[in-house]
Structures are given as C-alpha cells and as structure tokens.
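Since the structure comes first, as structure tokens, the remarks are kept for the end.
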Amino acid sequence: MIALGAGGMRAVAALGAHCDDLAIGAGGTLLSLCAAHPGVRVDALVLSGGGTEREDEERAALAAFCAGADLRLTVLKLPDGRLPAHWDEAKSAVEELRARTDPDLLLAPHRGDAHQDHRGLAELVPTAFRNHLVLGYEIVKWDGDLGRPSAYQPLSPEVARAKADLLQRHYPSQRHRPWYDPEAFLGLARIRGIECGARYAEAFHVNKLILDLENRCG
C-alpha cells in the first residue's frame, strides 16, 4: 500500500444530497483536513433540507467538523427522495458551485450508492468538475450497498470518536433511525481501518486519478 500526500490544500468542495450526508461519509476526513490546514476554504453544497430544522442542524454540525476553515455552506430546498425529478435544479446548483470554486479536492457521494439522491448527485459531479480529484464517500444504510473502496483516510482514535460524538450531538432529528448510532459509525471505521493498516479510517471510491510522480505540475 502506497500513501500519497496532498501537499498544499487551498480549497475543498463538499457535496451532499441531504443534511448529514457529508458528516456521515466524510466527517472524520473533514476534521483531520481542517485541523491540518487552518484557514482552508470549504465550499459545501447540500441539495435538500433548506429552511427546516435540518438546515440548522447542518450549519451547526459543519461548523464543528470544519473548525478553523473558511466554511461557505449552501443548503437548498429540493425535496428529499425526489432528485431525479428535479434534475435541472440539481445540475444548476452543482454548476453554480463550480463557478465559484476551483477545489484541490472534492468530496461527494459515489455512483454505486443505492440511494437515488446520492447516486444522482454523484452522476452530476463529473459534468461540472471534470479536472478535479473526486473522493466518493460511503454511507452505511439499510440497502446494504457497501462496496470495495480504493482510497482510505486513516483516522486517529480521537478523531473517530469525535466524529461519532458530533453526529449524535448535532443531528437529533436522526437519532430515531435504527442504523444511526455511534456503534455503526465506529464499526465501519474500524473495518476500513483494518483494510488500510490503521485503527480507524474513512474509505472512498475513486473513478479516475491522474498521477504526477515527476511533479511537473508543482
């Protein structure tokens, strides 16, 4: 297994179909990244939940997950579970995000996700972000769609536990769900950690990666 460092990190974009997707799929990575790169710009776009308690939860949560970052969050009002019927609005939102940021890294759902909203957003990402490193995060759920990711971000035990704690603290509207608990989040992180030789980790799907081993772009 070979580790590749990110080098300088100026800007990150993060996309979610629903409030809490980013925190569940990449919360540990955001905690680690923002701690390592104080002041990094994080442009976050969430397609649903705007104007509800879910938006309030998301704003408080991402402020905690992205502490020290220049966070710019947009939460839209597309209906949950209906993204395919609102394709034009979703595509416009992704294109507007692209127009205001040129990120070094993009966090988004992956195209193998069984939820139609996650999968639809994943399919939109490369139509606007064509020359960017996209890490497709995973979300544990009833559908049983966890696959074989190819990229890992190791998490320290402190970060893994902080992620689980923040998820419980900032999303009270989700606590009734049978899969939404620290045991599930830490369990998956432990499995992904085993796969990459760490205690805990978050895992990502990568569709395309261009290497610059000669540092010609540096």
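The opening position of the sequence shown corresponds to residue 1 in UniProt numbering, with each subsequent residue numbered one higher.
Cβ coordinates follow ideal geometry from the N, Cα and C atoms, glycine included.
Taking all protein chains shown into account, residue 210 has fewer than 16 neighbouring C-beta atoms within 10 Å of its C-beta and is therefore exposed. By the C-beta criterion, the region 162-178 is judged not to be in contact with the region 88-105, since fewer than 3 inter-stretch pairs fall below 8 angstroms. In the displayed model, residue 41 falls within a strand according to three-state DSSP. Residue 185 sits in a helix when the DSSP states are folded into three classes.
DSSP places residue 97 in the uninterrupted alpha helix (DSSP H) bounded by 87-100. Its chain contains 14 and 16 as the residues whose beta carbon lies nearer than 6 angstroms to that of residue 22, once the 5 sequence neighbours on both sides are disregarded; these appear in chain order.
Burial check for residue 84: the Cβ neighbour count within 10 Å stays below 16, so the residue is exposed. Per DSSP, residue 129 lies in no alpha helix (DSSP H) segment and is marked neither H nor E. In the structure shown, residue 125 adopts helical secondary structure according to DSSP, grouped into three states.
For the pair residue 55 and residue 197, the Cα-to-Cα distance works out to about 36 angstroms. Relative to residue 145, the option among 177, 162, 111 and 157 whose CA is nearest is 111.
When C-alpha distances from residue 58 are compared across 27, 35 and 205, the shortest belongs to 27. Under DSSP, residue 204 forms a beta bridge with 137 and 151.
Inter-segment contact for the region 187-201 and the region 155-165 is present: three or more beta-carbon pairs are separated by less than 8 angstroms.
Rounded to the nearest whole angstrom, the CA to CA distance from residue 71 to residue 42 is 5 angstroms. Closest in alpha carbon position to residue 64, among 149, 29 and 91, is 29.
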